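Scroll down for the structure; my scribbles are underneath it.
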Amino acid sequence: MICQVETGRIWTSRPRRDIMDLHRGGPSRAPARAFPSLYNMRREIVLMHTTAVFFSATGNSRRCAAAMAHALDQSAALLDLTQASRLAPEYRFGADELVVFCAPVYAGRLYTGAAARFGRVWGQNTPCILAVTYGNRHYDDALAELEDIARRQGFVPIGGAALVGRHTYGEIQVDRPDADDLAACADFARRAVQRFADGSACPAMPGSRPYREGGVGKHAWVPRVTDACNGCGACAQVCPEGAIDPADPRATRADRCISCFACLRTCPRGGRVMDEQAYLEFAAAFSQRLAQRRENEFFL
Numbered sequence: 202m203i204c205q206v207e208t209g210r211i212w213t214s215r216p217r218r219d220i221m222d223l224h225r226g227g228p229s230r231a232p233a234r235a236f237p238s239l240y241n242m243r244r245e246i247v248l249m250h251t252t253a254v255f256f257s258a259t260g261n262s263r264r265c266a267a268a269m270a271h272a273l274d275q276s277a278a279l280l281d282l283t284q285a286s287r288l289a290p291e292y293r294f295g296a297d298e299l300v301v302f303c304a305p306v307y308a309g310r311l312y313t314g315a316a317a318r319f320g321r322v323w324g325q326n327t328p329c330i331l332a333v334t335y336g337n338r339h340y341d342d343a344l345a346e347l348e349d350i351a352r353r354q355g356f357v358p359i360g361g362a363a364l365v366g367r368h369t370y371g372e373i374q375v376d377r378p379d380a381d382d383l384a385a386c387a388d389f390a391r392r393a394v395q396r397f398a399d400g401s402a403c404p405a406m407p408g409s410r411p412y413r414e415g416g417v418g419k420h421a422w423v424p425r426v427t428d429a430c431n432g433c434g435a436c437a438q439v440c441p442e443g444a445i446d447p448a449d450p451r452a453t454r455a456d457r458c459i460s461c462f463a464c465l466r467t468c469p470r471g472g473r474v475m476d477e478q479a480y481l482e483f484a485a486a487f488s489q490r491l492a493q494r495r496e497n498e499f500f501l
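Next comes the structure, spelled out in structure tokens:
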């Protein structure tokens with residue numbers, strides 16, 4: 202169902218756990234146990250440390266995840282799993298913490314690389330918020346897939362969100378997530394924790410099982426390097442799958458490129474462009490097809 206969100210801060214803060222613990226795989230933890238009470242003696246909700254865990258090639262998922270996490274915990278940690286070369290073997294969270302998962306939708310499924318990265322993240326009856334970002338078409342089975350991954354990894358979902366952001370292709374919802382979107386994310390996160398603290402059950406996330414085909418882009422659009430490239434390497438630093446050689450940024454491995462266009466958007470000189478005629482025609486038609494604004498959906 203679509204929730205009616207509420208405003209107002211409902212958690213108080215406590216010291217954050219060092220983010221480096223996450224990159225080392227986290228400290229050892231006690232066996233899984235029942236959820237601790239979120240209320241103190243005055244019936245005020247007391248914060249469990251919050252961490253946003255996300256894959257975000259172009260920033261949509263990062264911004265949404267951060268908005269939710271920081272609405273709950275001003276000292277929330279941000280665990281960015283985008284860069285394949287910077288991943289630790291595993292990350293662990295306990296029952297007294299809360300995790301916000303967020304990743305993009307590719308062709309109606311969770312991006313396969315994000316799904317694989319989340320397989321490194323383990324909980325112990327750890328409450329979590331589920332969120333996917335998509336480019337104004339539809340999220341299809343991605344949220345259900347993220348729910349299944351989270352439960353398999355030892356997390357307990359307390360709410361889900363399907364959030365609209367700028368599409369990689371064309372000129373589709375270019376200003377999103379906007380301020381209203383991020384405010385709605387924050388309000389939803391507060392509402393999710395309030396319901397969890399009150400003992401309300403979280404519904405199953407929408408989507409079909411078995412999942413539809415997807416998880417990778419339907420088109421293999423690889424940006425072209427132009428003469429404006431000066432070899433600065435900014436593109437290689439943001440490429441999530443290591444498709445660009447840091448030693449020779451003009452070289453691109455097409456078999457690794459996921460067509461996220463992070464390189465294109467990052468280059469300060471216009472050294473990478475997407476000017477293939479087939480792409481330009483597709484992007485124009487796709488932009489027209491998805492011109493009408495879709496609203497975010499929240500599930501509690």
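In this text, residue positions in the sequence shown follow the working numbering: the first is 202, and each later residue adds one.
Ideal Cβ placement from N, Cα and C applies to all residues, glycine included.
On a predicted model such as this, the values are computed, not experimentally measured, just so you know.
Under the three-state DSSP convention, the category residue i falls into
i, result
"aspartate 281", "strand"
"leucine 311", "strand"
"glutamate 291", "coil"
"leucine 501", "coil"
"isoleucine 459", "coil"
"phenylalanine 255", "strand"
"alanine 444", "coil"
"alanine 405", "coil"
"alanine 429", "coil"
"valine 473", "A quick correction: the sequence has arginine, not valine, at residue 473. Three-state result, arginine 473: strand."
Delimiting residues of the alpha helix (DSSP H) encompassing residue i
i, result
"isoleucine 373", "Looking at the DSSP string, isoleucine 373 is not in any alpha helix (DSSP H), and its letter there is neither H nor E."
"histidine 271", "261-273"
"glutamate 298", "Segment 298-307 is the beta strand (DSSP E) holding glutamate 298; no alpha helix (DSSP H) there."
"glutamate 482", "478-490"
"phenylalanine 389", "380-398"
"arginine 352", "343-353"
"alanine 435", "435-439"
Distance, residue j Cα to residue i Cα
i, j, result
"arginine 454", "cysteine 436", "13 Å"
"serine 488", "aspartate 399", "43 Å"
"arginine 318", "arginine 367", "23 Å"
"alanine 351", "alanine 429", "43 Å"
"glycine 320", "aspartate 376", "31 Å"
"glycine 371", "threonine 283", "23 Å"
"cysteine 440", "arginine 287", "12 Å"
"arginine 293", "valine 300", "11 Å"
"valine 474", "proline 447", "18 Å"
"leucine 279", "arginine 494", "29 Å"
"alanine 444", "glycine 471", "18 Å"
"arginine 396", "phenylalanine 302", "18 Å"
"glycine 361", "alanine 289", "26 Å"
"glycine 309", "glycine 336", "10 Å"
"glycine 295", "alanine 253", "14 Å"
"aspartate 476", "threonine 259", "19 Å"
"cysteine 461", "valine 333", "16 Å"
"serine 262", "alanine 421", "22 Å"
"leucine 491", "isoleucine 373", "7 Å"
"threonine 369", "valine 394", "32 Å"
"histidine 267", "serine 276", "A small correction: the amino acid at residue 267 is alanine; histidine does not occupy that position in the sequence shown. Looking at the two C-alpha atoms, the distance is approximately 11 Å."
"leucine 465", "aspartate 379", "22 Å"
Neighbourhood of residue i by C-beta distance below 8 Å, restricted to the same chain and skipping five residues each side
i, result
"tyrosine 312", "Phe256, Ala304, Pro305, Val306, Gly416, Val417, Ile459"
"threonine 427", "Gly471, Gly472, Arg473, Val474"
"methionine 406", "Leu331, Leu344, Ala345, Leu347, Glu348, Pro358, Gly361, Phe500"
"arginine 425", "Arg473, Val474, Met475, Asp476, Glu477"
Buried or exposed (CB count within 10 angstroms, at least 16 for buried), residue i
i, result
"proline 328", "buried"
"leucine 481", "exposed"
"histidine 339", "exposed"
"alanine 345", "buried"
"serine 401", "exposed"
"proline 411", "exposed"
"proline 404", "exposed"
"alanine 485", "exposed"
"alanine 272", "buried"
"glutamine 478", "exposed"
"alanine 235", "A caution first: alanine 235 carries a pLDDT of 45, below 50, which makes its placement in the model too unreliable to give a value."
"alanine 463", "buried"
"isoleucine 390", "Looking at the sequence itself, residue 390 is alanine, so the reference to isoleucine does not match. Buried, by the Cβ-count rule."
"proline 469", "exposed"
"alanine 452", "exposed"
Neighbourhood of residue i by C-beta distance below 6 Å, restricted to the same chain and skipping five residues each side
i, result
"serine 409", "Asp342"
"proline 450", "Gly432, Gly434, Cys436, Ala437"
"phenylalanine 483", "none"
Delimiting residues of the beta strand (DSSP E) encompassing residue i
i, result
"valine 333", "327-335"
"alanine 363", "356-365"
"threonine 453", "449-453"
Residue i beta carbon near the ligand PLP (any heavy atom closer than 7 Å)
i, result
"leucine 364", "In the structure shown, the ligand PLP is absent, as is every other ligand, since no ligand is present at all."
Close Cβ partners of residue i (< 7 Å) along its chain, the five nearest in sequence each way excluded
i, result
"aspartate 349", "none"
"asparagine 497", "Ala362, Ala363, Leu364, Val365, Asp382, Ala385"
"phenylalanine 356", "Val300, Gly324, Thr327, Cys329"
"valine 159", "The displayed coordinates of the chain run from 202 to 501. Any statement about residue 159 would go beyond what the structure contains."
Chain B contact for residue i (CB, 8 Å cutoff)
i, result
"valine 301", "Here there is only one protein chain, and chain B is not present."
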